[in-house]
Amino acid sequence: MQILNRKAHFNYHITEEIEAGIILLGSEVKSLREGKASISEAYIVDKNSELILINSNISEYKGANRFNHLPKRERKLLLRKKQIDKIIGKIHNQGLSVVPIKVYFNKKNYAKILIGIAKGKKLYDKREVIKKRDENRRAMREED
């Protein structure tokens, strides 16, 4: 099961992608396996030299009764110290953003998140992407 952030490549120029672990509760893991999550509005910030995923929505698991989790709680990302320092340096020095690209389960069934170090696109860049996409669609229709 993969949860994709479809807006990430449209709103940002992603320069580097990094795989990170994510700390989840049991009910969050079960809800993720059912595909009931959204990271399209999520972003990543640093707090006390840690990377935190904010505004990601993992729906409540219906079988978890009163011990359920909060859907939009902050979740800590698991990376090595050198990776965290490198990412925080790019955030502060170069003014780049860190955005989640997808959440998935690896071969060992651990929940992983693919994060991208990115620079925001301007409005005219987004318009160019839309124009190219429309031209490609027209060309495909004409071939058929």
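According to our numbering, the sequence shown holds residues 592 to 735 in order. Using N, Cα and C, we set each Cβ at its ideal position, and we do this for glycine too. Being a predicted model, the structure only gives us computed values, none of them experimental.
(request) Output the boundary residues of the alpha helix (DSSP H) element that contains residue 676. (result) Residue mapping note: residue 676 aligns to position 85 of the sequence shown, counting from 1. 672–685 is the span of the alpha helix (DSSP H), which, as asked, contains residue 676.
(request) For residue 628, I'd like the list of residues in its chain whose CB is within less than 8 Å of its CB, leaving aside the five on either flank, ordered along the chain. (result) Translated into the one-based positions of the sequence shown, residue 628 becomes position 37. Once the five neighbours on either side are set aside, the close Cβ partners of residue 628 are 594, 622, 647, 648, 649, 650 and 694.
(message) Going residue by residue through the segment 596–629, where are the continuous alpha helix (DSSP H) segments of at least 4 residues, counting only ones entirely within it?
(response) 599–602 and 617–624
(message) Within a Cβ cutoff of 6 Å, which residues of the same chain sit near residue 665, ignoring the five residues on either side of it in sequence?
(response) Counting from 1 along the sequence shown, the entry for residue 665 is found at position 74. Counting only Cβ-Cβ distances below 6 Å, and skipping sequence neighbours, we find 643 and 645.
(request) Give the DSSP-derived three-state secondary structure of residue 666 in the structure shown. (result) Position 75 of the sequence shown holds residue 666. Residue 666: strand per DSSP, three-state reduction.
(message) Pairs of beta-carbons, one from the segment 605–613 and one from the segment 682–702, closer than 8 Å: are there three or more?
(response) yes
(message) Which residue wins for smallest C-alpha separation from residue 630, given the options 704, 603 and 712?
(response) Mapped onto the sequence shown, residue 630 falls at position 39. The shortest Cα separation from residue 630 among 704, 603 and 712 belongs to 704.
(request) Name the residue from 706, 716 and 713 whose alpha carbon lies nearest to the alpha carbon of residue 596. (result) Along the sequence shown, one-based indexing puts residue 596 at 5. For the residues 706, 716 and 713, the minimum Cα distance to residue 596 belongs to 706.
(request) Check residue 655 in the structure and name its three-state DSSP category. (result) In the sequence shown, the residue the question calls residue 655 occupies position 64. Note: residue 655 maps to coil in three-state DSSP.
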